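The structure appears below as C-alpha cells.
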Amino acid sequence: AMAQAKKIIVGHDTNFMPFEFKDPDSGKYVGFDIDMWTLIAESLGIEYELQPMDFNGLIPALQSGNIDAAIAGMTIKSEREKVVDFAYPYYDAGLMILVRSDNEDIKNLEDLEGKVVATKLGTTSEDFVKKNAKAKDVSLFPNIDGAYMELATGGAEAVLFDSPAVMYYAQTAGKGKAKVVGPLYMGQSYGIAFPAGSELREKVTIEILNLMESGKYAELYKKWFGTEP
Ligand code: GLN
C-alpha cells in the first residue's frame, strides 16, 4: 500500500511584493514565490499548506520544525546557511534606496549620513544599513509597508530595501510619492530554505533547475517583473 503523503507546512512572508502578498480581491496570497512553489509542489507531488508569517519568524520556525520550508525572497547568507539549508538560488537582487519624489539631496549611501533610514526588521537591509550607512537612526518595521509609511509621513528620509520590492512599490502604490535613487548595493540571491538536513532541499533544487531549463521560470519572471530574466 502507498504511504499516506504527509502534508507539509510552507511558511512565507505576509508582504514582500511582488513575491508574495495578499490579493485584495480574492484574499489569497499571490506572487512570484507562490507561483513558483505551486509548480514545484505539483511536479514533486507534495501536499502542503501555506502559512503566512512575519519574515523575522521564518528561520526560528524552520529551526523548531514548525514549518518544513520557507519561501520569502530570503537572501542566502552565511549566518543563515549555518542554521538552515537553502535550495538552488532562484533570483538575483540587491538593495536600493527609496526617497520621497521631491527629495533632491539623497543620491546614494553616503548621503544617508545623519538621516533617519527606515527598513524591515531581521532582513539583510537591517545589517547593511547598520554596517554601511552613517544614519542618525534606523527605524525597523516587521512589515515593509510600515517603512514606506514612515517615509511618506516624513518620519524617515529614506528606505533601503530589496531592489525588486522598492522598484515595484515605486511603480505601483508609491507612484508619484516615492522614487528609487542610486546604485544597486550588496548583490544577493534568494533561496527557498529548509530545516537543516531536510531531504526536500535537493528535490526542490532539481525542480528549480527544471523550471529554468524548460522556460517556465522565464514565463513566471515575465508575469511578475515584466521583463526577461
Ligand atoms: N531578502 C531580504 C532578506 O532575506 C528580505 C526578504 C523579505 O523581506 N521577505 O533579508
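In case it helps, mature numbering (1 follows the signal peptide of the UniProt record, and there is no 0) puts the sequence shown at residues -3 to -1, 1 to 226.
We treat Cβ as the ideally placed atom computed from N, Cα and C, and that holds for glycine.
Predicted model only: the values in this text are computed from it and were never measured.
Local conformation of residue i per DSSP, three classes
| i | result |
| --- | --- |
| residue 95 | strand |
| residue 139 | coil |
| residue -3 | Note that residue -3 scores 46 on pLDDT, short of 50, meaning its location in the model is unreliable and no value can be drawn from it. |
| residue 212 | coil |
| residue 29 | helix |
| residue 16 | coil |
| residue 132 | coil |
| residue 21 | coil |
| residue 226 | coil |
| residue 219 | helix |
Cβ-heavy atom distance, residue i to the ligand GLN, below 7 Å
| i | result |
| --- | --- |
| residue 152 | no |
| residue 71 | yes |
| residue 10 | yes |
| residue 117 | yes |
| residue 52 | yes |
| residue 224 | no |
| residue 165 | no |
| residue 159 | yes |
| residue 250 | With the chain covering only -3 through 226, there is no way to say anything about residue 250. |
| residue 26 | no |
| residue 13 | yes |
| residue 187 | yes |
Beta-bridge pairing of residue i - partner residues as DSSP gives them
| i | result |
| --- | --- |
| residue 192 | 81 |
| residue 185 | 90 |
| residue 68 | 9 |
| residue 116 | 137 |
| residue 157 | 94 |
| residue 47 | 7 |
| residue 175 | 97 |
CB-CB length for residue i against residue j, believed under 8 Å
| i | j | result |
| --- | --- | --- |
| residue 153 | residue 144 | 7 Å |
| residue 133 | residue 151 | That pair is no contact at about 14 Å. |
| residue 60 | residue 121 | About 19 Å; that fails the 8 Å criterion. |
| residue 138 | residue 117 | 6 Å |
| residue 91 | residue 181 | 4 Å |
| residue 65 | residue 197 | 7 Å |
| residue 166 | residue 88 | Actually they are not in contact, since the Cβ atoms of residue 166 and residue 88 sit about 17 Å apart, beyond 8 Å. |
| residue 26 | residue 205 | Wrong, their Cβ atoms sit about 20 Å apart, outside the cutoff. |
| residue 190 | residue 96 | At roughly 31 Å, the Cβ-Cβ gap does not stay under 8 Å, so residue 190 and residue 96 are not in contact. |
| residue 177 | residue 94 | 7 Å |
| residue 157 | residue 126 | 5 Å |
| residue 13 | residue 70 | 5 Å |
| residue 6 | residue 48 | 5 Å |
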